[in-house]
Amino acid sequence: MAFIPEIPLVPEWGPDSFPGAGRGIDPALVEGLNPQQRQAVEYRGQALLIVAGAGSGKTSVLTRRIAGLLSTREAWPSQILAITFTNKAAAEMRERVGQLVGGEAEGMWISTFHSACVRILRRQAEVVGWKSGFTIYDTADTRALTKRIIKELDADTLGFTPSGVLSRISRLKNELKDVDAFAREASLGDPKEAAFLELYRRYTQALRRANALDFDDIIAETVYLFRAFPEVAALYQRRFRHVLVDEYQDTNHAQYALIRELVKPVDADVAADLERRIGARASLTEADGRIPGASLTVVGDSDQSIYAFRGADIRNIVEFERDFPDSEVILLEQNYRSTQTILDAANAVIANNFDRKAKNLFTVAGAGASIVGYTGYSGHDEAQFVADEIEALRRDGIGYNQVAVFVRTNAQTRPLEEVFIREGVPYRIPGGTRFYERAEIKDAFGYLAQVANPDDDLALRRILNTPKRGIGPATEAALQAHAERLGMPLRDVLREVDDLGLGPKLTTAVRDLAALLDEGARLAVDRPPAEVLTFLLDKSGLVETLRRSGDPQDEARAENLEELVSQAKEFRVQNPESTLVDFLTSVALFAAADELEDADGTVTIMTLHTAKGLEYDAVFLTGIEEELLPHRMSVNEPGGIAEERRLFYVGITRAKQRLFVSLATSRASFGDINVAMPSRFLGEIPAQLIEWREGAGGGMSRPRAIGARSASGAARGERFSYSTSFGSRAVEASAPRPKTEWTSAVGQLRDNGDLQLAVGDRVRHADFGDGDVVAVTPNGPRTVAEVQFGSVGRKRLLVKVAPIEKL
DNA sequence: ATAATAGTTCTTTTT
DNA sequence: GAACTATTAT
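Numbering (the numbering used here), first residue to last: 3 to 809.
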């Protein structure tokens, strides 16, 4: 079987002179480390598990471990494969290793699972029947594809939805079960199972035909490649002598299998053949002719496993010692990040997860400030609290870039953004409305993908009529039918449009498109990606159409496209020599966390998931409510609550100095407003660690039952009793003062701007009618007015948001 | 073929 | 409230 060797396995100064551990580790590399960290850097053996609690300096340990291997000449850079969770983490690690060993870091593979596998697959594509320029389909792409297949099979009548089918396919792929494996074990007597099998089969075929892989394929296909072609696997097994994996608790089965393949010894016959074929100048074989398995180092913390939903299997780390019998386990518990108060909270919360190995974070830093709690009336009110506290922190010398606001769901960012804009707090949301997910950007990528991969029918379908060329569904179907008749990709059909007997206008439109794509493909051979993009954008008329529409939104879209061009240029500057396919790959594998840049003076708002691995002086954990954290979707899943608790734990442990927890008593979702209850997790933080601030209505903001013995009690604190009246919802204040009313009817929260009220003013309320202002408590944007209404008595109203007008 | 409108359903987290 | 679908008018 033909295969293409990886870049030279033996560097010029390579392992021919392989001296093993010639000199000991430079003492400077372990300076300042505690005994466990030091041991983790120095240990040598087949397998090492570093159980690294939050903030225990694992990145430092990992980089020093690599630096140690290099500086002692135990390994050449090219023999090291380090897997990180994000591209950004990879870049950082490369940089830090480079600093430690001084520039010798070239040739190391430090990347994410996906990047490493794509690199291998592009090089070995032919072996497994792909073409090197394959497209990587993102979630939106696979969704569109699945939708079409469901429609074709009328499978929606059986209750199949795109997301349901996709998540099941994803789970199967993560378990390395391809269509045939599934067919073998499925109970096909069940018509639903049979239908799903057909969906899975068609989905797989469609990807094959389009020369495309989805995210899960990237890992799974690499495993299949290694298993089916031992001589190809041996290439990498021989090359990578030290494999290091970060965030091991979040690996799924496919990734686990991949690691197992990589650290396998190479059989004697394969080894001999390989070394002959690559012309190795030094043999790595042992006396028995085998090449021994690479050494494996994994770092992780089962308490921070938060990706079960995408197949992460906590057992990978829990059962590491069983999987690798000769392994060493080192526990890092000393925390160098947070105050004792924060750690006490974290320890107390995570202790509620049973069946975990006991681990207790400690620090020699002092207790630090109390955790601050706040209960707002609404997401807006909560956001206002956050904004106010951020300003206060700034006065205390904690800059914007050292502050992070965490949310459970992306929808929660909305009120935060609105308030931050109003209050002038600079913020950024990495991966928010993803730049690359905007329609016009996806259109542009449709052109690029088609040029890079002519088999990609999905991409072609996307751009067929964008901008409008008069190619509607009917024409598309005709082209499609023709393609199927001849068994050729859609792209080839475009060139034969003359045979289809379409109208002259249509024929010209299709022929022009075909010519445009062909010309783009010619350019892509030797021109930089940005140039190809510019050409396609200009000649397709994509930008032109947006510019001419007159709609300011379209103007913004045109600017986005220009932004894309500069990004393509920038990419080429960062990666000289890079091709169009490289650019497309980097975009496809670009993660939210990769766009974090903490130097530029903005507060960062992000989900708890993207927060993993990061740290900030001050952290706001928002929306700590039932239904949100734990999320309602997780409550009925096995292990769901435990995972949500870990998410909370991850959030808490990001904070170095100051931690804020906040919630609201009502939250907008679905387009209307629902009552929210404090999260059960709040009650798991020892009460004396939290100092609850006054809420907007002047009442105590502390959920009363928090700190009580039972978590469910916390969720039922009597302060949170509600009465719902027509069109508005009311909170019973605990004090015997009048009830506080807020919010308007269903729909958006109103904003009265700078409305000023004084005692004696008369106001009209949307629900309560006219009333007299009898008291005003100035409190900036949370000024409260007490109003005497004729019909309903005295009410306390938040001036800014109440549905009132001054008469 | 397209544009506009009204009605529907659905939302966790992400490589 | 957004995103998608179906329906209708141009």
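Backbone N, C-alpha and C fix where the C-beta goes; we use that ideal spot for every residue, glycine too.
Starting from residue i, follow the beta strand (DSSP E) in both directions and report where the run begins and ends.
i: Lys658; result: 657 to 666
i: Ile806; result: 806 to 808
i: Ala480; result: Unbroken run through Ala480 is the alpha helix (DSSP H), 475 to 488; no beta strand (DSSP E).
i: Glu693; result: 692 to 694
i: Arg764; result: 764 to 767
i: Ser113; result: 111 to 114
i: Asp500; result: Element bounds for Asp500: n/a, residue is neither H nor E.
i: Glu686; result: Neither: Glu686 is in no beta strand (DSSP E) and is coded neither H nor E.
i: Ile675; result: 674 to 677
i: Glu214; result: Residue identity differs from the one stated: residue 214 is Ala in this sequence, not Glu. 214 to 216 is the span of the beta strand (DSSP E), which, as asked, contains Ala214.
i: Glu330; result: 329 to 334
i: Val301; result: 297 to 302
Please name the residue, chosen from the options, that lies closest to residue i on a Cα-to-Cα basis.
i: Glu498; options: Leu237, Leu481, Gly291; result: Leu481
i: Leu566; options: Pro531, Glu599, Val583; result: Pro531
i: Phe616; options: Asn403, Arg549, Gln555; result: Looking at the sequence provided, one finds Leu at residue 616 rather than Phe. Among Asn403, Arg549, Gln555, the Cα nearest to that of Leu616 is on Asn403.
i: Val120; options: Asp218, Gln690, Val605; result: Asp218
i: Ala314; options: Leu174, Gly426, Ile352; result: Leu174
i: Pro305; options: Pro469, Arg317, Ala157; result: One detail in the question is off: residue 305 reads as Asp in this sequence, not Pro. The shortest Cα separation from Asp305 among Pro469, Arg317, Ala157 belongs to Arg317.
i: Ile308; options: Asp143, Phe592, Tyr651, Ala670; result: Tyr651
i: Leu260; options: Ala270, Asp269, Val247; result: Val247
i: Ala235; options: Lys179, Ile293, His255; result: Ile293
i: Glu442; options: Leu548, Thr141, Glu628, Asn337; result: Leu548
i: Asn362; options: Asn676, Asp674, Val53; result: Val53
i: Thr581; options: Ala157, Ala84, Asn455, Glu233; result: Asn455
i: Ala197; options: Ser636, Asp596, Lys153; result: Lys153
i: Val405; options: Lys658, Glu627, Ser636; result: Lys658
i: Leu460; options: Glu233, Thr144, Arg75; result: Thr144
i: Phe115; options: Val245, Asn36, Leu237; result: Val245
i: Asp674; options: Ala479, Leu598, Ser380; result: Ser380
Counting only the same chain and skipping the five closest in sequence on each side, list residues whose C-beta sits under 8 angstroms from that of residue i.
i: Gly295; result: Gln48, Gln239, Val265, Lys266, Pro267
i: Glu94; result: Thr61
i: Ala118; result: Leu83, Ile85, Trp111
i: Ala142; result: Glu439, Lys444
Tell me which same chain residues have a C-beta within less than 7 angstroms of the C-beta of residue i, skipping the five on either side of it?
i: Glu807; result: Val765, Arg766
i: Gln790; result: Gly773, Asp774, Val776, Arg796
i: Asp584; result: Asn577
i: Arg524; result: none
i: Arg472; result: Looking at the sequence itself, residue 472 is Gly, so the reference to Arg does not match. Within the same chain, Gly472 has close Cβ partners Lys507, Leu508, Ala511.
i: Gln257; result: Phe115, Ile221
In terms of residues, what are the limits of the alpha helix (DSSP H) holding residue i?
i: Arg278; result: 270 to 279
i: Ala369; result: Element bounds for Ala369: n/a, residue is neither H nor E.
i: Asn349; result: 342 to 352
i: Gly642; result: 642 to 654
i: Ile392; result: 381 to 397
i: Thr509; result: 506 to 528
i: Ser542; result: 531 to 542
i: Ala42; result: 37 to 44
Return the chain-ordered list of same chain residues with a C-beta closer than 6 angstroms to the C-beta of residue i, the five sequence neighbours on each side being excluded.
i: Arg718; result: Bear in mind that a pLDDT of 29 at Arg718, under 50, signals an unreliable position, so the number given afterwards is only what the model happens to contain. Hits under 6 angstroms: none found.
i: Ala594; result: Pro432, Gly433, Thr612
i: Ala310; result: Glu645
i: Met702; result: Model confidence at Met702 stands at a pLDDT of 42, short of 50, so the residue's coordinates are unreliable; what they give is reported in the following sentence. There are no such residues.
i: Ala367; result: Thr341
i: Asp827; result: Lying outside 3 to 809, the shown extent of the chain, residue 827 is not represented and no answer is given.
i: Thr726; result: A caution first: Thr726 carries a pLDDT of 26, below 50, which makes its placement in the model unreliable, though a value can still be read off. If we look at Thr726 and ignore the five residues flanking it on each side, it has no Cβ neighbours.
Which whole runs of the alpha helix (DSSP H) in the segment 567 to 640 are 4 residues long or more, in chain order? Here the runs fully enclosed are 582 to 590, 634 to 637.
Tell me whether the segment 662 to 674 and the segment 369 to 384 touch, counting them as touching only if at least three CB pairs, one residue from each stretch, are closer than 8 angstroms. yes
Every unbroken beta strand (DSSP E) within the segment 118 to 201, with a cutoff of 3 residues, ordered by chain: 137 to 139
Check whether the segment 637 to 654 and the segment 433 to 449 touch, using three or more Cβ-Cβ pairs below 8 angstroms as the test. no
Quick test of the definition: if touching needs 3 or more C-beta pairs under 8 angstroms, does the segment 197 to 205 touch the segment 141 to 153? yes
Given 8 angstroms as the limit, is there contact between the segment 187 to 194 and the segment 329 to 344, that is, 3 or more CB pairs closer than that? no
Scan the segment 225 to 256 and note each continuous beta strand (DSSP E) run of 3 residues or more that stays entirely inside, going in chain order. 244 to 247
Counting only runs that start and end within the segment 409 to 470, where is the alpha helix (DSSP H) found for 4 or more residues in a row? 415 to 425, 441 to 454, 459 to 465
Tell me the start and end of each unbroken beta strand (DSSP E) in the segment 48 to 109 that is at least 3 residues and wholly inside, in chain order. Complete beta strand (DSSP E) runs here, min 3: 49 to 54, 82 to 86.
Is the number of C-beta pairs between the segment 123 to 130 and the segment 223 to 234 that are closer than 8 angstroms three or more? yes
Quick test of the definition: if touching needs 3 or more C-beta pairs under 8 angstroms, does the segment 391 to 403 touch the segment 363 to 371? no
Would you check if the segment 400 to 414 and the segment 590 to 610 touch, i.e. whether three or more CB-CB distances between them fall below 8 angstroms? Under the Cβ criterion (8 angstroms, minimum of three pairs), the segment 590 to 610 counts as touching the segment 400 to 414.
With contact counted as at least three CB pairs below 8 angstroms, one residue from each stretch, are the segment 483 to 496 and the segment 550 to 559 in contact? no
Taking contact to mean 3 or more Cβ pairs, one atom from each stretch, closer than 8 angstroms, check whether the segment 415 to 422 and the segment 531 to 540 are in contact. no
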